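Each residue of the sequence shown is one higher than the one before, counting from 44 in the numbering used here.
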Amino acid sequence: MRRNSFLDYVKKKAINSKDFIIHKRKIFFKDNLSEDIFLNRVINFIESNVPEELFQYIDYFIIGDFNSFKEREINALYHEGVIYISNIQEDEQDLIDDIIHELAHSIEKNQKGLIYGGVSLESEFHSRRMKLYQKLLDEGFNEVRKMKDKFSNPEYDSDFDFFIYENIGYENIRKYASSIFVTPYAVTSLEEYFATGFEYYFLKSRKKLREVSPYLFSVIERIYEELVGKRREYI
44 MRRNSFLDYV
54 KKKAINSKDF
64 IIHKRKIFFK
74 DNLSEDIFLN
84 RVINFIESNV
94 PEELFQYIDY
104 FIIGDFNSFK
114 EREINALYHE
124 GVIYISNIQE
134 DEQDLIDDII
144 HELAHSIEKN
154 QKGLIYGGVS
164 LESEFHSRRM
174 KLYQKLLDEG
184 FNEVRKMKDK
194 FSNPEYDSDF
204 DFFIYENIGY
214 ENIRKYASSI
224 FVTPYAVTSL
234 EEYFATGFEY
244 YFLKSRKKLR
254 EVSPYLFSVI
264 ERIYEELVGK
274 RREYI
């Protein structure tokens, strides 16, 4: 179904009578959120912490239960100006995380020159991947040797993803990567390295992001200055 046709379908089937809007971008509902999630609190938090200018690549949001989410084991997706979000959320913070993460992907898709130009963000990502590789070897995970080439690949690789989270284990990655990556998910690919850093910058600790991934931090600062039109103010 084409994007406009799908939006027309959602509008016709819309189950909410009240308009919900994030920075002038409307939220459409294919399916309900759970009753314990108060969307107004989510909207107020985002609008208070993330400037409207950073939403310039977003046309609208659609919340619902999508088959593709189950097939791909994801909760949200940015595609051609739309952020699709699962209506199944643990809590309001989970919903905020999904929105800001996909906002990062919208910027990454449209600002590749700003993000990947100059001193390479890819170089920083690669150096951290290889630090993790050596750390896992030092901790006795000798099976990583057969995956060394994939540690050097910045693109998403389903075999690498499966190996990291199934063979090594999420908790081990969290334990051994904590001083190398701000979150275990940042290990996944260069795109996710940027998106998780962006999310961390706005929702968690800019200080830790600057300590762990200084070049990524500087990239996000440049994006802020370029798109918002001013430097970020710190209190």
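We put the beta carbon where it would ideally sit given N, CA and C, even for glycine. Because the structure is a prediction, the values reported are computed rather than measured.
Through-space distance from I70 to I128, alpha-carbon basis
For the pair I128 and I70, the Cα-to-Cα distance works out to about 10 Å.
Quick one: what's got a C-beta closer than 6 Å to R275's C-beta in the same chain, skipping five residues either side?
For R275, where only same-chain residues beyond five positions count, the Cβ hits under 6 Å are Y267.
Taking the C-alpha atoms as reference points, what is the distance between N83 and F184?
In this model, N83 and F184 are separated by some 46 Å (Cα to Cα).
Under the rule that 16 or more other beta-carbon atoms within 10 Å means buried, what is Y199, buried or exposed?
Only exposed fits Y199, as fewer than 16 other CB atoms lie within 10 angstroms of its CB.
Less than 8 Å between C-beta atoms, sequence neighbours within five positions excluded: which residues of the same chain meet that for L246?
Result list for L246: N92, I139, D140, I143, in chain order.
Report all residues from its chain with a CB closer than 6 Å to the CB of E96; omit the five preceding and five following residues, and keep chain order.
Exclusion of the five residues before and after E96 leaves L270, V271 as the residues of its chain whose Cβ lies within less than 6 Å of its Cβ.
From the DSSP output, in three-state form, read off L120 for me.
Three-state result, L120: strand.
What would DSSP say about V125, mapped onto helix, strand or coil?
Per DSSP, reduced to three states, the secondary structure at V125 is strand.
Cβ distance (whole Å) where L164 is taken to contact L259 below 8 Å
The beta-carbon distance between L164 and L259, rounded to whole angstroms, is 6 Å. This is short enough to meet the 8 Å contact definition.
Using the Cα positions of K250 and K67, report the straight-line distance between them to the nearest angstrom.
Pairing K250 with K67, the inter-Cα distance amounts to about 30 Å.
By the three-class DSSP mapping on this structure, what secondary structure does G107 have?
Of the three classes helix, strand and coil, the one that applies to G107 here is strand, per DSSP.
Drop a sphere of 10 angstroms on the beta-carbon of H122, count the other beta-carbons inside from all chains shown, and report buried for 16 or more, exposed for fewer.
By the Cβ-count criterion, H122 is exposed, with fewer than 16 other Cβ atoms from all chains shown falling within 10 Å of its own Cβ.
Apart from the five residues on each side of it in sequence, which residues of its chain come closer than 6 Å, Cβ to Cβ, to Q177?
No residues qualify anywhere along the chain.
Could you give the distance in angstroms between the alpha-carbon of F224 and the alpha-carbon of K273?
Rounded to the nearest angstrom, the two C-alpha atoms are 28 Å apart.
In this structure, how does DSSP classify F81 when only helix, strand and coil are distinguished?
When DSSP states are grouped into helix, strand and coil, F81 belongs to the coil group.
For Q99, count the other beta carbons within 10 Å of its own beta carbon; 16 or more makes it buried, fewer makes it exposed. Which is it?
Exposed, by the Cβ-count rule.
For the pair the region 230-237 and the region 146-160, tell me if three or more CB-CB distances fall below 8 Å.
The region 230-237 is in contact with the region 146-160.
Minimum length 4: unbroken alpha helix (DSSP H) runs contained in the region 159-184
Taking only runs of at least 4 residues, the alpha helix (DSSP H) segments lying wholly in the region 159-184 are 164-181.
Closer than 6 Å by C-beta to R265: which residues in its own chain qualify, once you throw out the five before and the five after it? Chain order, please.
Nothing listed; no residue qualifies.
Determine whether the beta carbon atoms of I89 and E135 lie at a separation below 8 Å.
Cβ distance not < 8 Å, so I89 and E135 don't count as in contact.
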